[in-house]
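Residue numbers (UniProt numbering): 1 to 368. Idealized CB from N, CA, C, for every residue including glycine. Below: the structure, in structure tokens.
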């Protein structure tokens, strides 16, 4: 079930980026063992109506993966990777037979404006011209990444029946019910388990709300029209005073003000692939490392390391180690039945005074 917990974070990542389905190199190997059908021991074709939503082909329509073609090679579909860094190698080696696994990262294709970012403010003009002169075969205007030239980004999310993070949370809840029914959890652990499951689902909902909440349409339209109108009429206002300098002055002003519009569009969704977006890929890898570290931790009895020769519990005033304190029981004032606690308290007070003296005004002492 550790793989399922790790898969939840990866599923949320793809969910926030509008990448539906489970067929990704960093997600499918983690949940390939989950049940695919509503009934047990089902032996039916893969197009059966009994298949659960998680495994439905309709839920994986995003243009990120293609049906397996025996005449094609998988290497031609994959993006180039850094040979020195391939975190998917740490996952189970599981691949489906009928479909290719899309890369863990599916950023949009690099455009002309990515190579020349200083021309980004004129991207809206380019898109407007492209909408006018370039048409598709059916005669409709060509769309451009759900962004209008005058109204800004328009968020049209695909309608997806299967929400992968929710379905993974349902499997975790089933595991939770199994532990409760078999008495494998104490009351305190069961309460913490349930609270954490609810926190996972709540975090997924809140993050999705951030990703799908656009800037108000009226605000975008008013701001863009105001900026374009100002930039258009600016040359007529400053021509008499600046003469030929009107051209570079207007250009710089347009770069400045139209740049604000692009910045607003970037800030609107912090979960995509832009340089200034959140590194949710790094967050998922950090979760994978922490889960592996938790699983590798060997819980031991405190007595196996507390009474170690390297432990000096009453330092700095009392430098005796734990074995030395236990070996000298007769002369050990801490073990005295009448004044033992008073001796411990007195040592703690001396430690406090010593620590305060050693750590106060350290900057002045270092400078001296």
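- Taking 8 Å as the cut-off, the beta carbon of residue 91 is found no closer than this to the beta carbon of residue 167.
- Every unbroken stretch of the alpha helix (DSSP H) spanning 4 or more residues and falling wholly within the stretch 260-319 is given here in chain order: 280-296 and 303-306.
- Note that the stretch 240-255 does not touch the stretch 266-278; fewer than 3 beta-carbon pairs, one per stretch, sit closer than 8 Å.
- If you draw a 10 Å sphere on the C-beta of residue 232, you find fewer than 16 other C-beta atoms in it, and that means exposed.
- Taken through DSSP and simplified to helix, strand or coil, residue 218 comes out as helix.
- Annotation for residue 86: no alpha helix (DSSP H) segment contains it, and DSSP assigns it neither H nor E.
- Counting along the chain, the unbroken alpha helix (DSSP H) around residue 29 starts and ends at 28-31.
- For residue 326, the CB contacts under 7 Å within the same chain, skipping 5 residues up- and downstream, are 307 in chain order.
- When secondary structure is reduced to three states using DSSP, residue 24 falls in the strand class.
- Within the same chain, 12 and 16 come within 7 Å of residue 207 by CB-CB distance, once the 5 residues on both sides are set aside.
- Listed as beta-bridge partners of residue 210 by DSSP are no residues whatsoever.
- The count of Cβ pairs closer than 8 Å, one atom from the stretch 203-219 and one from the stretch 22-31, stays below three, leaving the stretches out of contact.
- In the DSSP assignment, residue 175 falls within the alpha helix (DSSP H) that extends over 164-181.
- In the three-state scheme derived from DSSP, where H, G and I count as helix and E and B as strand, residue 51 is classed as strand.
- With a cut-off of 8 Å on Cβ pairs, the stretch 311-319 is in contact with the stretch 343-362, counting three or more such pairs.
- In this model, residue 34 and residue 102 are separated by some 19 Å (Cα to Cα).
- C-alpha of residue 236 to C-alpha of residue 250: approximately 10 Å in a straight line.
- Per the Cβ contact rule, the stretch 277-286 is not in contact with the stretch 253-261 (fewer than 3 Cβ pairs under 8 Å).
- Following the DSSP letters along the chain, one finds residue 1 in no alpha helix (DSSP H), marked with neither H nor E.
- Rounded to the nearest whole angstrom, the C-alpha separation of residue 275 and residue 174 is 39 Å.
- Residue 104 is classed as buried because its beta carbon has at least 16 other beta carbons within 10 Å across all chains shown.
- By the beta-carbon neighbour count (other beta carbons within 10 angstroms, threshold 16), residue 165 is buried.
- Put simply, of 31, 294, 191 and 125 the residue whose alpha carbon is nearest the alpha carbon of residue 262 is 125.
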